[in-house]
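Here is the structure we will look at, set down as structure tokens.
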Amino acid sequence: MAFKKIVIKTREPQAKTPLARVQMYFEDRPKALLGGVLGLGCLMGVAMSFALGMVGDSALQAKVDHQEQELAKVRADAQTQVNALAARLGELQAQATRLNALGERLTQMGKLQDGEFDFNETPGMGDGDPGPTQDIPANAVSSDLQVLEQRFAASGKQLSVLESLLFDHQLEQNAVPSRMPISNTYITSSFGTRADPFGRGAGNHKGMDFHARVGDPVMAVADGVVSYSGVKGGYGNVVEIDHGNGYKTLYAHNSRLTVREGALVRAGQEVAKAGSTGRSTGAHVHFEVWQNGQVMNPRKFLGEGGNTPVGRLSRG
Numbered sequence: 001m002a003f004k005k006i007v008i009k010t011r012e013p014q015a016k017t018p019l020a021r022v023q024m025y026f027e028d029r030p031k032a033l034l035g036g037v038l039g040l041g042c043l044m045g046v047a048m049s050f051a052l053g054m055v056g057d058s059a060l061q062a063k064v065d066h067q068e069q070e071l072a073k074v075r076a077d078a079q080t081q082v083n084a085l086a087a088r089l090g091e092l093q094a095q096a097t098r099l100n101a102l103g104e105r106l107t108q109m110g111k112l113q114d115g116e117f118d119f120n121e122t123p124g125m126g127d128g129d130p131g132p133t134q135d136i137p138a139n140a141v142s143s144d145l146q147v148l149e150q151r152f153a154a155s156g157k158q159l160s161v162l163e164s165l166l167f168d169h170q171l172e173q174n175a176v177p178s179r180m181p182i183s184n185t186y187i188t189s190s191f192g193t194r195a196d197p198f199g200r201g202a203g204n205h206k207g208m209d210f211h212a213r214v215g216d217p218v219m220a221v222a223d224g225v226v227s228y229s230g231v232k233g234g235y236g237n238v239v240e241i242d243h244g245n246g247y248k249t250l251y252a253h254n255s256r257l258t259v260r261e262g263a264l265v266r267a268g269q270e271v272a273k274a275g276s277t278g279r280s281t282g283a284h285v286h287f288e289v290w291q292n293g294q295v296m297n298p299r300k301f302l303g304e305g306g307n308t309p310v311g312r313l314s315r316g
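For what it's worth, the UniProt record's numbering labels the leading residue of the sequence shown as 1, then goes sequentially.
In structure tokens:
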């Protein structure tokens, strides 16, 4: 009986590399190969999903960053507009303050009644049924401010011109005799022909006499320059003031002179102390007004309307 020789071939000698051994492993185990392929696919899917998620998050973050930048720019632009409006508002407030001060000066110069114009009072405002409202755009506010600035500028120019005219008028008025030479008094002797106080018959009285006590202040009736201060014959201690425009005034019989020749005096400023020096029967103020070298009746220069006691009856 013949026996066949059985030869068993093995692949061990052929599996010389790790890759070859892995290949031989999966050839003998096809299910393991299938599981490995499926597992690898799952891992690749998870990795792809994660990668896509990362990409999506990056895009979303980039979008958020861009929106924040845009918002910051809008806020910066809005703040710039607010700062510009605030600066213009400050300029308008300064102009309003100047116009208020100018208006108050004009009220005083124009001698308006107290309270007739109150430049610090906010005018009242109101409305009936306002209806629906809406936000005011910044460009509309800027346009309104521009119109207001133009009105303020025009009003300021007009008021400045008016102030200049009133100031010039006031200077002219202050240079014209227009008030009493002594306060709280009355006329004791009028201008013109009168009986001589020393019994020498009728004489021409060149001024007006006002009751006074020794030492009462004698005041300039207008702005001017002292042209003479000293003793002058029967006038006693005399002050003469040149007011310009041809006007001069004289204050006589003073007990003491308080200004010197060449001094600049203002209307209402004290120039002497009342007395009875010179040719006088008692303390009083002798007052004369001269215009272009001609003596004038002082009555028409004494004050404004009923603000002075010109209307009182004289005593001589």
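Cβ atoms here follow ideal geometry from the backbone N, Cα and C, with glycine treated the same way.
Assuming contact is defined by CB atoms lying nearer than 8 Å, are residue i and residue j in contact in what I supplied?
| i | j | result |
| --- | --- | --- |
| Leu145 | Leu60 | no |
| Gln291 | Ala220 | no |
| Gly215 | Ser189 | no |
| Gly103 | Leu159 | yes |
| Asn184 | Thr193 | no |
So, for residue i: in the same chain, excluding its five sequence neighbours on each side, which residues have a beta-carbon less than 6 Å away from its beta-carbon?
| i | result |
| --- | --- |
| Gly306 | The predicted position of Gly306 is uncertain, since its pLDDT is 36 and thus under 50; a value taken from the coordinates is nonetheless stated next. Once the five neighbours on either side are set aside, Gly306 has no close Cβ partner at all. |
| Met54 | none |
| His286 | Gly207, Asp209, Ala252, His253 |
| Asn297 | Phe191 |
| Leu313 | Reliability of the predicted coordinates at Leu313 is poor, the pLDDT of 33 falling under 50, and no value is obtained from them. |
| Thr277 | Gly236, Asn237, His253 |
| Leu250 | Glu240, Glu288 |
| Ala263 | Val226 |
| Arg315 | Reliability of the predicted coordinates at Arg315 is poor, the pLDDT of 33 falling under 50, and the value obtained from them is presented with this limitation in mind. Counting only Cβ-Cβ distances below 6 Å, and skipping sequence neighbours, we find Thr188. |
| Glu70 | none |
| Val295 | Lys206 |
| Lys143 | Checking the sequence shown, residue 143 turns out to be Ser, not Lys. Answer for Ser143: no residue qualifies. |
Below 7 Å CB to CB, which residues in the same chain sit around residue i once its five sequence neighbours on both sides are set aside?
| i | result |
| --- | --- |
| Leu257 | Ser229, Asn237, Val239, Ala272 |
| Gly311 | Confidence at Gly311 is low in this model, with a pLDDT of 38, below 50, so its placement is unreliable and no value can be given for it. |
| Lys232 | Val238 |
| Val141 | Leu85 |
| Val64 | none |
| Gly41 | none |
Compute the beta-carbon to beta-carbon distance between residue i and residue j, rounded to the nearest angstrom, for a pair I have assumed lies under 8 Å.
| i | j | result |
| --- | --- | --- |
| Met208 | Arg299 | 7 Å |
| Ala212 | Ala283 | 5 Å |
| Ile182 | Val218 | 6 Å |
Tell me the residue span of the beta strand (DSSP E) that contains residue i.
| i | result |
| --- | --- |
| Asn184 | Counting along the chain, Asn184 falls outside any beta strand (DSSP E), and DSSP gives it neither H nor E. |
| Val231 | 224-231 |
| Glu288 | 284-291 |
| Pro217 | 217-219 |
| Ala272 | 270-274 |
| Arg279 | It is not in any beta strand (DSSP E) - Arg279 carries neither H nor E in the DSSP assignment. |
| Arg256 | 247-257 |
| Gly244 | 237-244 |
| Asp135 | It is not in any beta strand (DSSP E) - Asp135 carries neither H nor E in the DSSP assignment. |
| Val214 | Where Val214 is concerned, there is no enclosing beta strand (DSSP E), given that its DSSP letter is neither H nor E. |
| Val176 | Val176 -> no beta strand (DSSP E), and no H or E assigned at all. |
Which residues in the same chain have their Cβ closer than 8 Å to the Cβ of residue i, if we skip the five residues on either side of it in sequence?
| i | result |
| --- | --- |
| Val176 | Ala222, His243, Asn245, Tyr247, Phe301 |
| Arg266 | Asn174, Ala220, Asp223 |
| Arg260 | Val226, Ser229 |
| Leu89 | Leu145 |
| Thr80 | none |
| Ala274 | Ile182, Ala212, Arg213, Val214, Gly215, Asp216, Pro217, Val218, His253, Asn254, Ser255, Ala283, His284, Val285 |
| Gly234 | Gly278, Arg279 |
| Leu99 | Phe119, Phe152, Ser155, Gly156, Leu159 |
Check your understanding: Is it a yes or a no for the segment 90-104 touching the segment 138-158, going by three-plus beta-carbon pairs under 8 Å?
Key -> yes
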